[in-house]
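Notes follow once the structure below has been shown.
In the numbering used here, the protein residues as written are 3 to 364.
Rendered as structure tokens:
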């Protein structure tokens, strides 16, 4: 498997975008029309460059509650029948919003409502996959949502392959695998996976994990969003399922950022990236993001005392000294690659490291 870089995203031709309930609605339950408009505009830009786009959108229950005048009410949230009434009332309105916005750009869209059974019976899965591929071949943007009106599930259902259709994150990743999507973008109300849920002393948010590695132990998973069924742990589980089954990359990011889809496609270091473990070693940031990160870290260094900066340099020197054999071995591999690529002698000499050069640095 070849390595994946964020800079590859610009060349991807099949992208699935999932929009969570907390993105299409405001905290008071009203429909967030400006956010939906920004998403539609960015999808239009992808379509105009020849990208096949599938949209998985929550929000039917939120629209239904608004239509029935229950936006701020939680009275019926434990009533399965009433929640299905909300979905039935809201789904036409949700599609009407998308259809009118896409029509402004001359883009056709289509609706597909699915349930667990569409992924547990082979013939239904094939029908869904073939229909969606046919729509994409005709430059139609399929918009999927779970059919909450008729779903037989009241709690998470797992089939024999341990697939889960419990929320639209699982729906997005299941569909992404079936359609061989290159990239899945899960838009939620947080900026990615935080390294810790504990606020920093200065009030800043904790750092985002740029690339998820399953063995990381320093990540604290927070609670689910205010309206979604799944939490961050479910998003992680579904993202890992997708990249383990052929999807090249998954990004979890904030859908509340105005141009977040554009930023992801352009390779900016936003959100948390998931790729198959075999593709992790060569992930690189684009040059612009490297420069931004270097500037930000330099500013942090400037805030340290002279003694703290001196200690950092001493720690770096100790680490270099302790790893000289590994450094020289890696440098030898770089030299071999450079020689095969016929790098000129002057540059090759600059590349070459030896113990003497390292001692000068240390």
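Glycine included, C-beta positions come from ideal geometry on N, C-alpha and C. These numbers were taken from a predicted model, which means no experiment stands behind them.
Original post:
From residue 170 to residue 22, what distance separates their C-alpha atoms?
Top reply: 7 Å
**OP:** Buried or exposed for residue 277, please, with buried defined as at least 16 other CB atoms from any protein chain shown within 10 angstroms of its CB.
**Re:** buried
**OP:** Can you give me the start and stop residues for the beta strand (DSSP E) that residue 190 sits inside?
**Re:** 185 to 190
**OP:** Consult DSSP for residue 33 and reduce its assignment to one of helix, strand or coil.
**Re:** strand
Subject >> Selection from 357, 69, 339, 306 that minimises the alpha carbon distance to residue 322 >> reply: 357
Subject >> Beta-carbon separation (whole angstroms), residue 6 vs residue 250, contact threshold 8 Å >> reply: 6 Å
**OP:** Could you check what DSSP says for residue 306 in three-state terms: helix, strand or coil?
**Re:** coil
**OP:** Measure the Cβ-Cβ separation of residue 188 and residue 20 and say whether it is below 7 Å.
**Re:** yes
**OP:** Enumerate in chain order the residues of its own chain whose CB-to-CB distance from residue 120 is below 7 Å, with the five nearest sequence positions on each side excluded.
**Re:** 126, 127, 130
Original post:
residue 17 and residue 61: beta carbons closer than 7 Å?
Top reply: no
**OP:** Using three-state DSSP, classify residue 67 as helix, strand or coil.
**Re:** helix
Original post:
residue 162 to residue 239, Cα distance in whole Å?
Top reply: Because residue 162 carries a pLDDT of 41, less than 50, the predicted location of this residue cannot be relied on, and no value is offered for it.
Original post:
If residue 273 sits next to residue 255, beta carbons under 8 Å apart, how far is it from one beta carbon to the other, in whole angstroms?
Top reply: 3 Å
Subject >> Euclidean distance between Cα positions of residue 264 and residue 43 >> reply: 10 Å
Original post:
From 257, 132, 213, 134, pick the residue whose C-alpha is nearest to that of residue 242; which is it?
Top reply: 213
Original post:
What whole-angstrom Cβ distance do residue 15 and residue 53 have, given they're in contact under 8 Å?
Top reply: 6 Å
**OP:** Could you tell me how far apart the beta carbons of residue 181 and residue 149 are, in whole angstroms, since I believe they sit closer than 8 Å?
**Re:** That belief does not hold up - the Cβ atoms of residue 181 and residue 149 are roughly 19 Å apart, past 8 Å.
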